[in-house]
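K.L.:
Protein chains: 2
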Amino acid sequence: MIEQYSLGHYCRHKVNLIDSALAQYTPADAYPPIIYDAMRYSLVAGGKRLRPIMLMAAADAVGGCGANYLPVACGLEMIHTYSLIHDDLPAMDNDDYRRGKLTNHKIFGDGMAILAGDGLLTAAFGTMLSQPNVDSAILVNVVKEIAAAAGASGMVGGQAVDLASEGQIIDAKTLKFMHQAKTGALFKAALRAGALLANASKHKIEALTHYADHFGLAFQITDDILDVIGTQDKIGKPVGSDMRNQKVTYVTLYSLEGAKQLAQQAVDNALVSLSEFGSEAIILRDLVEYLITREA
Amino acid sequence: MIEQYSLGHYCRHKVNLIDSALAQYTPADAYPPIIYDAMRYSLVAGGKRLRPIMLMAAADAVGGCGANYLPVACGLEMIHTYSLIHDDLPAMDNDDYRRGKLTNHKIFGDGMAILAGDGLLTAAFGTMLSQPNVDSAILVNVVKEIAAAAGASGMVGGQAVDLASEGQIIDAKTLKFMHQAKTGALFKAALRAGALLANASKHKIEALTHYADHFGLAFQITDDILDVIGTQDKIGKPVGSDMRNQKVTYVTLYSLEGAKQLAQQAVDNALVSLSEFGSEAIILRDLVEYLITREA
């Protein structure tokens, strides 16, 4: 199903599909406009669309067609976007900029931003459950797994630990849980969802699960590194916010050099997980290699 | 399936089932405790459990067994509870008390309260999708309908209009939309879910849909009346908050007497909708009659 073996081309193509679908799920004439405007503001604010792309790339890697699963893929992006809106609130990270734009609450106010996040989270589930041409029992399992990854034992739980840990000394074990839950869980759910929707074998699902674990780790370490060495211009938000918020990160725990080594190790492990896949997994290989060289 | 024809007995029995199930879905040893504690605080804070009871009563009314649908029923209660947590935040209604207890953010802080709401909303979908012994295609449709009712075109949209309307003059039409969306939509989804899960005929589903519309209206008008004539002791939160927040309500629009008449009319219409049901709908009849005599 993969016709182009360039990561850039693959991603641009998929981003176009995702952006069109997202626009369709939150149409400009939806009522009441006051909430849809706030939801749309953050949903169309760009971003790498990494989670939906990973779902599609996983489906492609197991011989399916990722583009067939846009509703579930876009649901993941809605979940990601809602989490950013709530995370940026004054009661949480208190960030004024995101992806180079003013954050949702700076435009719409705190109350409407909370509701915009709630609306996107709810729309995510409605959209995912509208996925056609998939056996309903499989769809139920996939969406249930995404809910687990996004919820209190996953992403929301990771953010809760993060919030409660500000200004506290936490150990490496807690840091690892926090990041696995906060970022890794949804990556893993995205990859597994793609494989499950495309009816992959148990063996391939297991391999992709291992890949996901290493991918998530590499992603988080790189995020921590970028917060130190990135530029506001490129990452679209002020750098150094972790330090200002007295957050424990991979850089504060292992130094910049140590964090870079850990990231490379995670990338290597991710690639090993894919060793039984052929060229159909090239996007997944390129994605994780790109990860640690990215500048935003 | 209904063995007891007393509303009080029926509700107490169902509340016990619901409370046990809710405790099971958010177990005391769930990790990380920091978020589950906050979720549990509001989830076990009591409340009438009206939405899950309505789902079960609708299933009973069409000849099914409501108690078989606890996962979907409890998902509705989680959605309701999350909406209260977010609604009480300083950025929204800024209420310190709810159901006679300090509100979630007064105990856990604004950030954790936002996350507790997010966790409950996400858990609602995970829990609903774990519903056993229902055809997956039916379950997908039911949960999709609940998502629509809870989301930006439903409950969240109603709250957004409510938030944006504070201190503004809004007309009766906007008020009606706001309340239908804010409260009525989830009641309707609860009743329809019960009927759909129990494989009701189209005709019965339609009758219950009409009942739901009138029920929701009666409920909201009564809420507005209680905010004026209730006592903090009974409704568990300060009375008069609508007036303080300069909200347009049925009482401000139609006077107290006019609002009471509208409520009675809605109850009468709800009862007419059930005219083709026999004694199996007695709970639904008693529920709507109880509505306008309630003190909290």
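For the protein sequence lines, the chains are A and B, in the order given.
9 is the number that the working numbering gives to position 9 of the first sequence; each next residue is one higher, with no gaps.
26 is the number that the working numbering gives to position 26 of the second sequence; each next residue is one higher, with no gaps.
Where a beta carbon is used, it is the ideal one built from N, C-alpha and C, also for glycine.
Once you ignore the five residues that flank residue 204/B on each side, which residues in its own chain have a CB closer than 7 Å to its CB?
P.N.:
If you number the second sequence from 1, residue 204/B lands on position 204. Closer than 7 Å at the Cβ level, and outside the excluded window around residue 204/B, lie 62 and 195.
K.L.:
So, does the CB of residue 41/A fall closer than 8 Å to a CB anywhere in chain B?
P.N.:
Looking up residue 41/A in the first sequence gives position 41. Chain B, which has no Cβ nearer than 8 Å to the Cβ of residue 41/A, makes this no.
K.L.:
If you follow the alpha helix (DSSP H) that residue 192/A is part of, which residue opens it and which one closes it?
P.N.:
Walking along the first sequence from the start, residue 192/A turns up at place 192. From DSSP, the alpha helix (DSSP H) with residue 192/A extends over 185-197.
K.L.:
Please tell me whether residue 212/A and residue 146/A are closer than 8 Å, where the distance is taken between their beta carbons.
P.N.:
The residue you call residue 212/A lines up with position 212 of the first sequence. The residue you call residue 146/A lines up with position 146 of the first sequence. No. Outside cutoff.
K.L.:
Starting from residue 125/A, trace the alpha helix (DSSP H) both ways and give me its first and last residue.
P.N.:
For this step, residue 125/A is matched to residue 125 along the first sequence. Counting along the chain, the alpha helix (DSSP H) containing residue 125/A begins and ends at 110-128.
K.L.:
Have a look at residue 54/B and residue 111/A and give me their C-alpha separation to the nearest angstrom.
P.N.:
Within the second sequence, numbered from 1, the residue matching residue 54/B stands at position 54. Within the first sequence, numbered from 1, the residue matching residue 111/A stands at position 111. Linking residue 54/B to residue 111/A through their CA atoms gives a straight-line distance of about 30 Å.
K.L.:
Name the residue from 21/B, 133/B, 37/B and 229/B whose alpha carbon lies nearest to the alpha carbon of residue 64/B.
P.N.:
Position 64 of the second sequence, counted from the first residue, corresponds to residue 64/B. Answer by Cα proximity: 133/B.
K.L.:
Any C-beta of chain B sitting closer than 8 Å to the C-beta of residue 322/A?
P.N.:
Because chain A in this structure spans residues 1 to 296, residue 322/A falls outside the shown range and cannot be described.
K.L.:
Output, in chain order, the set of chain A residues within a Cβ distance shorter than 9 Å of residue 143/B.
P.N.:
Sequence index remark: in the second sequence, residue 143/B carries index 143 (1-based). Within 9 Å Cβ-Cβ: 125, 126, 129, 140 and 143.
K.L.:
Note down the Cα distance separating residue 103/B from residue 22/B, rounded to an integer number of angstroms.
P.N.:
Within the second sequence, numbered from 1, the residue matching residue 103/B stands at position 103. Within the second sequence, numbered from 1, the residue matching residue 22/B stands at position 22. Spanning the two alpha carbons is a distance of roughly 19 Å.
K.L.:
Does any CB atom of chain B fall closer than 8 Å to the CB of residue 32/A?
P.N.:
Here residue 32/A refers to the residue found at position 32 when the first sequence is read from its first residue. With 8 Å as the cut-off, residue 32/A counts as an interface residue toward chain B.
K.L.:
Could you name the residues of the same chain whose beta carbon sits closer than 8 Å to that of residue 43/B, not counting the 5 residues immediately before and after it, in chain order?
P.N.:
Within the second sequence, the letter at position 43 stands for residue 43/B. Same-chain partners within the cutoff: 22, 26, 77, 78, 81 and 120.
K.L.:
Taking residue 143/B as the reference, which of 128/A, 294/A, 250/A and 156/A has the closest Cα?
P.N.:
What you label residue 143/B is simply residue 143 of the second sequence in a count that begins at 1. Among 128/A, 294/A, 250/A and 156/A, the Cα nearest to that of residue 143/B is on 128/A.
K.L.:
Hey, residue 271/B and residue 57/B: beta-carbon distance below 8 Å or not?
P.N.:
Within the second sequence, the letter at position 271 stands for residue 271/B. Within the second sequence, the letter at position 57 stands for residue 57/B. It is not a contact, given that the beta carbons lie outside the stated cut-off.
K.L.:
Let me see if you follow: with CB-CB separation under 8 Å, is residue 183/B close to chain A or not?
P.N.:
Taking the first residue of the second sequence as 1, we reach residue 183/B at position 183. False, the Cβ-Cβ gap to chain A never drops below 8 Å.
K.L.:
When DSSP builds the beta bridges, which residues end up paired with residue 182/A?
P.N.:
Translated into the one-based positions of the first sequence, residue 182/A becomes position 182. Bridge partners of residue 182/A: none, in fact.
K.L.:
Look at the alpha carbon of residue 113/B and the alpha carbon of residue 284/A, and state the distance between them as a whole number of angstroms.
P.N.:
For the purposes of this step, residue 113/B is taken as the residue at position 113 of the second sequence. For the purposes of this step, residue 284/A is taken as the residue at position 284 of the first sequence. Here the C-alpha atom of residue 113/B lies approximately 37 Å from the C-alpha atom of residue 284/A.
K.L.:
Could you please give the first and the last residue of the uninterrupted alpha helix (DSSP H) stretch that includes residue 220/A?
P.N.:
Numbered from 1 along the first sequence, position 220 holds the residue referred to as residue 220/A. Run containing residue 220/A: 202-229, per the alpha helix (DSSP H) assignment.
K.L.:
Between the Cα of residue 277/A and the Cα atoms of 13/A, 206/A, 96/A and 157/A, which residue gives the shortest distance?
P.N.:
Residue 277/A sits at position 277 when you count from the first residue of the first sequence. The option with the nearest alpha carbon to residue 277/A is 206/A.
K.L.:
Kindly say whether residue 229/B, judged by its beta-carbon, lies nearer than 8 Å to any beta-carbon of chain A.
P.N.:
Taking the first residue of the second sequence as position 1, residue 229/B is located at position 229. No, residue 229/B does not count as interfacial toward chain A.
K.L.:
According to a CB-to-CB cut-off of less than 8 Å, which residues of the stretch 159-176 of chain A neighbour chain B?
P.N.:
159, 160, 161, 163 and 164
K.L.:
Please tell me whether residue 44/B has its Cβ less than 8 Å away from any Cβ of chain A.
P.N.:
Within the second sequence, the letter at position 44 stands for residue 44/B. So no, residue 44/B is outside the interface.
K.L.:
How many whole angstroms separate the CB atoms of residue 247/A and residue 166/A, which I take to be in contact at a CB cut-off of 8 Å?
P.N.:
Here residue 247/A refers to the residue found at position 247 of the first sequence. Here residue 166/A refers to the residue found at position 166 of the first sequence. Rounded, the Cβ-Cβ distance is 6 Å, consistent with contact.
K.L.:
Select from 290/A, 160/A and 35/A the residue whose C-alpha is nearest the C-alpha of residue 117/B.
P.N.:
Walking along the second sequence from the start, residue 117/B turns up at place 117. Comparing Cα positions, the closest option is 160/A.
K.L.:
Would a check of beta-carbon distances place residue 72/A closer than 8 Å to chain B?
P.N.:
The residue given as residue 72/A occupies position 72 in the first sequence. Taking Cβ atoms only, chain B never reaches closer than 8 Å to residue 72/A, which makes this a no.
K.L.:
I'd like the span of the alpha helix (DSSP H) that includes residue 33/A, first residue to last.
P.N.:
The sequence position of residue 33/A within the first sequence is 33, counting from 1. Where residue 33/A is concerned, the enclosing alpha helix (DSSP H) stretches over 33-43.
K.L.:
Can you check whether the CB of residue 69/A is closer than 8 Å to the CB of residue 253/A?
P.N.:
Within the first sequence, numbered from 1, the residue matching residue 253/A stands at position 253. Within the first sequence, numbered from 1, the residue matching residue 69/A stands at position 69. No, the pair does not count as a contact, with Cβ atoms beyond the cut-off.
K.L.:
Using a Cβ cut-off of 8 Å (strictly closer), state whether residue 222/B contacts chain A.
P.N.:
Taking the first residue of the second sequence as position 1, residue 222/B is located at position 222. No, no contact with chain A.
K.L.:
Taking the Cβ atom as the reference point for each residue, do residue 220/B and residue 258/B lie within a distance shorter than 8 Å?
P.N.:
Along the second sequence, read from residue 1 onward, the residue named residue 220/B stands at position 220. Along the second sequence, read from residue 1 onward, the residue named residue 258/B stands at position 258. Taking 8 Å as the Cβ cut-off, residue 220/B and residue 258/B do not qualify as a contacting pair.
K.L.:
Do you know offhand how far residue 126/A's Cα is from residue 7/A's?
P.N.:
By 1-based counting over the first sequence, the position of residue 126/A is 126. By 1-based counting over the first sequence, the position of residue 7/A is 7. The alpha-carbon atoms of residue 126/A and residue 7/A are separated by roughly 30 Å.
K.L.:
CA-CA distance, residue 179/A and residue 168/A?
P.N.:
Locating residue 179/A in the first sequence gives position 179, where the first residue counts as 1. Locating residue 168/A in the first sequence gives position 168, where the first residue counts as 1. Rounded to whole angstroms, residue 179/A to residue 168/A spans 16 Å at the Cα level.
K.L.:
Only counting runs of 4 or more residues, tell me where the alpha helix (DSSP H) segments fall wholly within the stretch 240-276 of chain B, in order along the chain.
P.N.:
Listed in chain order, the complete alpha helix (DSSP H) runs (minimum 4 residues) inside the stretch 240-276 of chain B are 241-244 and 250-273.
K.L.:
Would the beta-carbon of residue 28/A fall within 8 Å of that of residue 98/A?
P.N.:
Taking the first sequence and counting its residues from 1, one reaches residue 28/A at position 28. Taking the first sequence and counting its residues from 1, one reaches residue 98/A at position 98. Not closer than 8 Å, so no.
K.L.:
Beta carbon of residue 191/B, beta carbon of residue 208/B: below 8 Å?
P.N.:
Reading the second sequence from its first residue, position 191 is the one you call residue 191/B. Reading the second sequence from its first residue, position 208 is the one you call residue 208/B. Contact flag set, yes.
K.L.:
Taking the beta carbon of residue 89/A as the centre, do at least 16 other beta carbons fall within 10 Å, making it buried, or is it exposed?
P.N.:
The count along the first sequence starts at 1 and reaches residue 89/A at position 89. Buried, since its Cβ has 16 or more Cβ neighbours within 10 Å.
K.L.:
By the three-class DSSP mapping on this structure, what secondary structure does residue 102/A have?
P.N.:
As a first step, residue 102/A is located in the first sequence; it is residue number 102 there, counting from the start. Residue 102/A: strand per DSSP, three-state reduction.
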